[in-house]
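In this note's numbering, the protein residues as written are 62 to 440.
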């Protein structure tokens with residue numbers, strides 16, 4: 062009997078074991094017969110920047126950011142680099158738009174053709190910050206912050222120059238007014254006599270500190286290019302006392318009273334003209350009517366009669382600037398911000414400088430490198 066009981070209990074134990082195995086199997090997925098589900102095709106490779114992670118910023122450095130601007134690689138990870146040769150639209154704080162080309166170089170993506178116009182029209186200077194927000198369909202909005210870390214006020218009135226005509230989505234050409242210098246007095250040169258002067262006033266002055274790139278792009282004159290390879294004039298620090306708005310206005314009025322039978326132009330000095338960069342943009346009308354149509358060497362004559370050779374850079378029919386040599390002339394004549402210089406064309410490629418100072422007393426400059434060394438010693 063006992064053996065029988067044992068034999069009778071064995072099946073129950075086996076049954077119990079199967080029950081335990083069933084419990085363990087409750088967590089396994091059951092196979093359900095169904096028709097196979099079609100796998101969706103993979104999405105096509107993106108042809109533009111996606112909206113995820115849609116902002117980036119760049120610090121502006123004239124030597125590397127003037128002609129083209131590199132877009133951060135991390136921002137471009139979802140771009141199909143085989144189909145990126147297209148056009149992007151940059152909308153500034155003024156609401157106007159600039160068309161620029163998206164170009165690939167090896168593994169990098171750049172804003173190129175048209176970018177230089179954006180820089181020029183916004184007067185972007187070294188150390189300023191640009192924040193890009195991507196809005197889809199290759200459209201960007203751009204904010205420009207100056208070195209005070211605040212939005213640049215002049216950016217809200219920036220307009221595309223004539224060289225940067227934009228086309229709207231409807232295909233119509235939108236022509237904007239070209240910015241002019243702060244104070245421009247121009248007389249048209251004629252064989253016998255001269256026309257009445259025209260006074261053009263504006264608070265916007267186009268900036269373009271990277272003169273090396275203008276030269277390499279526009280000149281075949283080896284001697285002119287070699288001059289730019291020499292050591293630049295280092296940034297300087299003004300030691301002049303603070304000036305009042307009344308003093309600035311009075312200086313401007315004095316400059317307006319200048320008269321001559323010869324063509325002349327008046328330019329209000331800015332930071333990038335006299336303290337750093339030393340790239341002096343010239344009024345478009347004066348360039349068009351009186352200066353060479355190609356890069357050339359000009360001679361400036363200061364009030365003491367000393368001559369200063371400078372490089373003139375012509376980058377289109379009505380845009381030109383003084384580059385190499387201008388820094389030495391500016392520092393040598395102790396030009397300061399808000400001073401006004403009248404350039405009188407006394408003969409071909411020769412300009413006489415008439416200087417109107419906000420403060421008549423001249424205070425010697427200090428080099429930026431000297432100030433940095435002293436600050437390091439006191440730390």
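Where is the CB? At the ideal position from N, CA and C, for every residue including glycine.
DSSP, reduced to helix, strand and coil, places residue 168 outside both helices and strands of the structure shown, so it counts as coil. Listed in chain order, the non-local C-beta contacts of residue 171 below 8 Å within the same chain comprise 129, 130, 131, 132, 163, 164 and 165, local neighbours out to five positions each way being set aside. If you ignore the 5 residues before and after residue 380, its C-beta comes within less than 7 Å of the C-beta of 345 and 348, all in its own chain and listed in chain order. The C-beta of residue 325 has 16 or more other C-beta atoms within 10 Å across all chains shown, which makes the residue buried. According to the DSSP assignment, residue 370 belongs to no alpha helix (DSSP H) but to the beta strand (DSSP E) extending over 368-377. Residue 335 is a Cβ neighbour of residue 398, given a cutoff of 8 Å.
Judged by DSSP secondary structure, residue 125 falls within the alpha helix (DSSP H) whose first and last residues are 123-126. Shown here, residue 162 sits in a strand according to DSSP, grouped into three states. Excluding five sequence positions before and after residue 360, the CB atoms of its chain that fall closer than 8 Å to its own CB belong to 368, 369, 370, 371, 410, 411 and 412, given in chain order.
Taking all protein chains shown into account, residue 375 has 16 or more neighbouring C-beta atoms within 10 Å of its C-beta and is therefore buried. The residues 363, 367 and 369, in chain order, have a CB closer than 8 Å to that of residue 393 in the same chain once the five nearest residues on each side in sequence are set aside. For residue 406 against residue 323, the beta-carbon gap comes to about 6 Å, under 8 Å, which counts as contact. Here residue 365 carries a coil assignment [DSSP, helix/strand/coil]. When secondary structure is reduced to three states using DSSP, residue 312 falls in the helix class. With respect to residue 419, residue 304 sits close: the two C-beta atoms are nearer than 8 Å. In this structure residue 337 is buried. Its beta-carbon is surrounded by 16 or more other beta-carbon atoms within 10 angstroms. Assignment of residue 177 by DSSP, reduced to helix, strand and coil, places it in the helix class. Boundaries of the alpha helix (DSSP H) around residue 389: 387-393.
Exclusion of the five residues before and after residue 117 leaves 133, 136 and 193 as the residues of its chain whose Cβ lies within less than 6 Å of its Cβ.
When rounded, the separation of the alpha-carbon atoms in residue 341 and residue 215 is 18 Å. When the Cα atoms are used, residue 187 and residue 209 turn out to be separated by approximately 12 Å. Looking at the DSSP output, residue 118 bridges to 192. Nearest neighbour of residue 198 by Cα position, chosen from 122, 306 and 147, turns out to be 147. Between residue 168 and residue 219, the C-beta spacing is not below 8 Å. Per DSSP, residue 332 lies in no beta strand (DSSP E); the unbroken alpha helix (DSSP H) holding it starts and ends at 332-335. For the pair residue 203 and residue 158, the CB atoms are not nearer than the 8 Å cut-off. A Cβ-Cβ contact shorter than 8 Å links residue 205 with residue 154.
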